[in-house]
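Under numbering that gives the first Met the number 0, residues 0 to 278 are what the sequence shown spells out, in order.
Positions of the beta carbon are idealized from the N, C-alpha and C atoms, including for glycine.
The block underneath contains the structure these notes are about, expressed in structure tokens.
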Amino acid sequence: MEVFCLGNKPWQPCYVMRMNHTTIMLDCSLDLPVLLNFLPLPLVYSPKLSGLPRWQCKDPSIAVDLPEDIARLFRENVGHVFIESLPLFRLPETGLVDLSTVDALLLSNCFSALALPFLIEKYGFSGKIFATKPTVTFTKQLMEELSHYIYRAPPTDHSAQWKNDSLWSSLPDGTLKESSDFHNWKELYTMEGIQKAISRIQPISYSETIDLFHHVKVTALSSGFCLGSCNWIIETEYNKVSPSSCEQYTHTVSWISVIMGLSSGLSLSTLQQYAHTHS
0 MEVFCLGNKP WQPCYVMRMN HTTIMLDCSL DLPVLLNFLP LPLVYSPKLS GLPRWQCKDP
60 SIAVDLPEDI ARLFRENVGH VFIESLPLFR LPETGLVDLS TVDALLLSNC FSALALPFLI
120 EKYGFSGKIF ATKPTVTFTK QLMEELSHYI YRAPPTDHSA QWKNDSLWSS LPDGTLKESS
180 DFHNWKELYT MEGIQKAISR IQPISYSETI DLFHHVKVTA LSSGFCLGSC NWIIETEYNK
240 VSPSSCEQYT HTVSWISVIM GLSSGLSLST LQQYAHTHS
């Protein structure tokens, strides 16, 4: 069995497992904290945002050739530099695995499914997709709200012109400069892309077992994280693996922990040093 971690952060899981000639992806989270590098999108004129000082490039060799309209896309606030443009999003790692070869995608909760339209539209993913019924509903709601928020602002012609290596290297040290993979940030999907992605998901119920290609079986059990959240059991003839993205006692349907003792292998994306109490 092979396991690849494609997620950028522990709390943004995205794994790929290869077992019994079957390639299974577990979750496809979208990196939302990258939005903190962009200024908010006001619907009307904001004197506070417009009054922020423009960032001035301190490197003369870069500043002399830097178009004024590009330099004006950066503003400073309390020592931090922000991009004044349409926000872009960081996707899971796409270079380790050919995503068009993935046979199935298992979604654990609505927060771990937000990159799904990207996989379908940009990377040729054509496999089966499974999620609990509440997860499908809440995933659609989150995607639509996110798309509505991003595209409600007036369009800009400079959404990606700030992707300049020389310009980036001259930024002051901080969160923005540390994001060296900015070339891979993508514009958010549209409502049409959302509808296409949601229509591909096959809703299932808790404890329902799905037979994948006659030699791999998957079952969703409650993780207690939120409505519809689940941990998956992936079972072959000789192995039983339990990927776990998050377990909490935050919902009335508690975490079914018995799977831990019945599995021959565990895949854990988030570990905590404190214990939750459940009453």
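- Counted as a single uninterrupted DSSP element, the stretch harbouring Ser-221 is not any alpha helix (DSSP H) but the beta strand (DSSP E) occupying residues 215-221.
- With fewer than three CB-CB distances shorter than 8 Å, the segment 35-48 does not count as touching the segment 107-115.
- Of all alpha-carbon atoms in Leu-106, Leu-29, Arg-74 and Leu-5, the one lying nearest the alpha-carbon of Ile-200 is that of Leu-106.
- Taking a 10 Å sphere around the C-beta of Ser-99, we find fewer than 16 other C-beta atoms and assign the residue as exposed.
- According to the DSSP assignment, Leu-145 belongs to the alpha helix (DSSP H) that extends over 132-150.
- Burial of Phe-88 is indicated by the presence of at least 16 other C-beta atoms within 10 angstroms of its C-beta.
- A Cβ-Cβ separation of about 6 Å places Ile-232 in contact with Ser-241 under the 8 Å criterion.
- DSSP places Pro-202 in no alpha helix (DSSP H) but in the uninterrupted beta strand (DSSP E) bounded by 200-203.
- Separation of Phe-137 and Leu-95 (C-alpha to C-alpha, rounded to the nearest whole angstrom) is 29 Å.
- Taken through DSSP and simplified to helix, strand or coil, Glu-186 comes out as coil.
- Contact check between the segment 72-92 and the segment 3-11: three or more CB pairs, one atom from each, fall below 8 Å, which counts as touching.
- For Val-217, the number of other beta carbons within 10 angstroms of its own is at least 16, and it is reported as buried.
- In the structure shown, Asn-36 adopts helical secondary structure according to DSSP, grouped into three states.
- Note on Thr-208: under 16 other CB atoms within 10 angstroms of its CB, so exposed under the neighbour-count rule.
- The C-beta separation of Thr-21 from Leu-211 comes to about 6 Å, placing the pair in contact by the 8 Å criterion.
- The segment 120-129 makes no contact with the segment 139-146: fewer than 3 CB pairs, one atom from each, lie closer than 8 Å.
- Between the C-alpha atoms of Pro-202 and Val-77 there is a straight-line separation of about 47 Å.
- With contacts defined as CB atoms closer than 8 Å, Asn-238 and Met-18 qualify as a contacting pair.
- When rounded, the separation of the alpha-carbon atoms in Arg-53 and Ile-193 is 36 Å.
- Burial of Leu-104 is indicated by the presence of at least 16 other C-beta atoms within 10 angstroms of its C-beta.
- Between the beta-carbon of Ser-60 and that of Leu-72 there is about 20 Å, and that puts the pair past the 8 Å contact cut.
- If you draw a straight line from the Cα of Leu-226 to the Cα of Thr-189, it comes to about 25 Å.
- Distance check between Pro-12 and each of Gln-140, Leu-25, Thr-235 and Phe-181 places Leu-25 closest, using alpha-carbon atoms only.
- Comparing alpha-carbon positions, the option among Ser-198, Ser-28, Arg-151 and Ala-70 lying closest to Val-43 turns out to be Arg-151.
- DSSP places Glu-1 inside the beta strand (DSSP E), whose first and last residues are 1-4.
- Take the alpha-carbon of Ala-70 and the one of Cys-56: they are about 8 Å apart.
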